[in-house]
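Engineer: Residue numbering for the sequence shown follows my numbering, beginning at 147 and increasing consecutively.
I have a structure here, written as structure tokens, and I will follow up with some questions on it.
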Amino acid sequence: MKKIGIVLMLILSAFGCSENEYDAPYGDFSSFTWIATQNTTTGDYVVALNQFIGLYDVSTNAVSHSWSIPEGTSSLSKEFSSDNSIYSDFIEATGPTSLEDQQINVLFNTPGIKEIVLKNVFKDSVTESVKQADGTWLVDKIFTVNVYDDLKPVFQVLKGTEVILSVSETDMPTIEDIDSWKTVSLEAGDKLTYVDMTTSGEPDARTWTFKGGDKDKSSADSVDVLYNSLGDFVAGDITSSRKEPKPKGEVIKLIPLKIKVIPSTKPFVLNGGLKEDATEVISFKLTGEIGVLAASEKDNFTVNVANTTAGFNQNIAVQSVAINSEDATQIDITLAAPIYNSDVVTVAYTSGDIQSVDSRVLESFENKKVVMYFEGAMNIPGYTGYEQEWGGSGNQFKKANTEGYFAQHNKNNEGGPLYYWRDDAMAYQGNSSMKFETTASGIPAIARLQGAGFTTLSPVTAGTYIPSVWVYIENSTVMSSIQFSFNADSDATFNFDISATEKGKWVKLTLPEITLGDINSGRFDLNIESTGQDDAIVQKLWLDNFDLLIIEPR
């Protein structure tokens, strides 16, 4: 069983000496040196509540020496074990107090900013010392520690505008208490809204896990979940998490809510728009699960395809209609002839006998425009989707925690500012996105993310494209524009207006089509400037899957 007191000896060993063999860097002269069990490049330390930091004064020839620890901390014996997570038996002193030990292990009992002070007096001048009236030299070294509180999930569940469940920091629901949980009754097709309100412990992300709804998981702070299947369900749970450079941690809390889904009294109608997929299948969702869909229903659909450029305008026969194998609220339409994303496609339906599981009949609908599928010219996995994490070489902070990019205006340490950072807690698609976040002073004159890797990972061939990107804007952000550009082609500059973009959800932005030549040199940059958006506040958004969408001519 290793003792925590030995840890600092191991650190000293890394410098080629033991606790009793440490050589002063200035030979026989005085020196001021310390070692800590935590590394930091900013001078400030971070630690979770009820965890400790070890500090060791290895100065030489000090005339006097003392540590001061503040209120909300304790000094631990050097004999406590690294295998023991309960430290109360090893507390020797409680702050505020002074200690004369060379080595101290400080336990942090309350959250907040704590300052530990090391005071050494030397007869000679040393690093960081100030000469005193008596001719001695004083070092008054402050170690600042940011102590993070425990993660304590707080959330609400709403039915419409009515709050039907509020869970506080101190509420700790268990499955054993399920009989006392509230039950909410929903009609098929109704939704509940889940809102994360957690602040304690400064979480970086959350993951909702749902049961019985149209979503299995979500990372959004506020999320709507539709309930289309009849039956009884428990809501699920929420995981609040915190990542480096903060102390890592996560807490799971149950959502103490039972959900009963009953047959709907509402009409059986479209629920959202129609879209084409990569296989040219047209799909749409309904306000409930489908129970009856006969093959003959294909004759009740009318699909019109128009393409002005090609001089084409015809109805195309429906080959088949089917209930989607993974989503019983979705109908998939397969056509008897090909369609292209340059076409304008509309679908109409004359009511027949498509029925929901609760025996409602799908109502007729007039011509509804189909959102066409576009393949991206830059659809290289990991690049414009920021999927590749930092590989360990080079400066993680200047590389924005990814590969193939250089964050020109990021600082080179965790102290920041870090305007750009690959974030695996938020993604439109895949596992990560690129977070843009400013300090409280707002956007600098320019913050640039240089993408030199595109020439080998994702060069552009000549063609006509629609520039596109997905963005998630935090609710308090008031930005108006972002820009992507290829610096080797002055025509390849794409300015996206985000002043009216909906916040708190992933939104697809597009620009009018543009014709480009081959681009296989230079950089692919993301530029955010302060012009027109210079508010002195924290600005924060996420970007994912920038692409040049390929247009298919008919």
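C-beta atoms are modelled at their ideal positions from N, C-alpha and C, and glycine is treated no differently.
Note that this is a predicted model, so its numbers are computed, not measured.
State the Cα-Cα distance for the pair V267 and P393, rounded to the nearest angstrom.
Structural biologist: 34 Å
Engineer: Going by C-alpha distance, which of I485, V193, S365, S539 is nearest S579?
Structural biologist: Here the closest residue by C-alpha is S365.
Engineer: Is the CB of P319 under 8 Å away from at least one CB in chain D?
Structural biologist: Note that chain D does not occur in the displayed structure, where there is just one protein chain.
Engineer: In terms of residue numbering, what span does the alpha helix (DSSP H) encompassing F600 cover?
Structural biologist: 600-603
Engineer: On the three-state DSSP scale, how would you describe A463?
Structural biologist: coil
Engineer: Answer yes if the stretch 434-444 comes into contact with the stretch 502-519, meaning at least three C-beta pairs across the two stretches below 8 Å, and no otherwise.
Structural biologist: yes
Engineer: So who's on the other strand from R388, going by DSSP bridges?
Structural biologist: G395
Engineer: Reducing DSSP to helix, strand and coil, say where F236 ends up.
Structural biologist: Annotated three-state conformation of F236 is helix, per DSSP.
Engineer: Comparing the CB of T585 with every heavy atom of the ligand FAD, is any distance shorter than 7 Å?
Structural biologist: Among the ligands in the structure shown, none appear at all, so the ligand FAD cannot be discussed.
Engineer: Can you name, in chain order, every residue of its own chain whose Cβ lies under 7 Å from the Cβ of E217, other than the five neighbours on each side?
Structural biologist: G241, P242
Engineer: By alpha-carbon positions, which one of A279, S410, D235 ends up nearest to L222?
Structural biologist: The option with the nearest alpha carbon to L222 is D235.
Engineer: Measuring alpha carbon to alpha carbon, tell me which of D690, Q534, F600 ends up nearest Q575.
Structural biologist: D690
Engineer: Please classify V517 as buried or exposed, where buried requires at least 16 neighbouring CB atoms within 10 angstroms.
Structural biologist: exposed
Engineer: Can you name, in chain order, every residue of its own chain whose Cβ lies under 6 Å from the Cβ of K399, other than the five neighbours on each side?
Structural biologist: P299, I384
Engineer: Are the stretch 652-672 and the stretch 485-495 touching, with three or more C-beta to C-beta distances below 8 Å?
Structural biologist: With a cut-off of 8 Å, the stretch 485-495 and the stretch 652-672 do not count as touching, because too few Cβ pairs lie within range.
Engineer: Tell me the rounded alpha-carbon separation between K686 and G599.
Structural biologist: 25 Å
Engineer: Give the secondary structure of A208 by DSSP, where H, G and I count as helix, E and B as strand, and everything else as coil.
Structural biologist: DSSP places A208 in strand when its eight states are reduced to three.
Engineer: Given a cut-off of 8 Å, decide if L201 and V252 are closer than it, judged by their beta-carbon atoms.
Structural biologist: yes
Engineer: Out of T607, Y611, D693, Q629, state which residue places its alpha-carbon closest to the alpha-carbon of S667.
Structural biologist: T607
Engineer: Is it the case that the Cβ atoms of T475 and N641 are separated by a distance below 8 Å?
Structural biologist: In this structure, N641 does not lie closer than 8 Å to T475 by Cβ.
Engineer: Roughly how many angstroms separate the alpha carbons of T186 and S231, rounded to a whole number?
Structural biologist: T186 and S231 have their C-alpha atoms spaced approximately 24 Å apart.
Engineer: Report the start-end ranges of each beta strand (DSSP E) in the stretch 398-469 that is 3 residues or longer and not cut off at the edges.
Structural biologist: 420-422, 428-431, 436-438, 447-453, 458-462, 464-469
Engineer: Can you give the Cα-Cα distance for A208 and I592, rounded to whole angstroms?
Structural biologist: Straight through space, the alpha carbons of I592 and A208 are spaced by roughly 48 Å.
Engineer: What residue range is occupied by the uninterrupted beta strand (DSSP E) comprising Y202?
Structural biologist: 198-203
Engineer: Can V451 and D489 be called in contact, C-beta distance under 8 Å?
Structural biologist: Yes. Within cutoff.
Engineer: Whose C-beta lies closer than 6 Å to the C-beta of S587 among residues of the same chain, with five residues either side of it excluded?
Structural biologist: Here the set comprises A682.
Engineer: Helix, strand or coil: how does DSSP classify P171 here?
Structural biologist: Bear in mind that the predicted position of P171 carries a pLDDT of just 46, short of 50, making it unreliable; the figure below should be weighed with that in mind. Coil at P171, not helix or strand.
Engineer: Just verifying my parser: in three-state terms, what is the DSSP assignment at I500?
Structural biologist: coil
Engineer: Decide if the stretch 540-557 is in contact with the stretch 565-572; the criterion is three or more beta carbon pairs, one per stretch, under 8 Å apart.
Structural biologist: yes
Engineer: Name the DSSP beta bridge partners of G382, please?
Structural biologist: F356, I401
Engineer: Give the single residue among F670, R700, I674, V684 whose Cα lies nearest to the Cα of L694.
Structural biologist: F670
Engineer: So the candidates are S410, G498, P402, T584; which of them puts its Cα closest to the Cα of D445?
Structural biologist: G498
Engineer: Please identify the residue among I628, R700, I696 whose C-alpha is closest to the C-alpha of S707.
Structural biologist: Residue 707 lies beyond the stretch modelled for the chain, which goes from 147 to 700, so this question has no answer here.
Engineer: Determine the closest residue to I589 out of T623, K649, W616, with distance taken between C-alpha atoms.
Structural biologist: T623
Engineer: Which residue wins for smallest C-alpha separation from F301, given the options T344, P484, D280, K412?
Structural biologist: T344
Engineer: Who does E308 pair with in a DSSP beta bridge?
Structural biologist: K305
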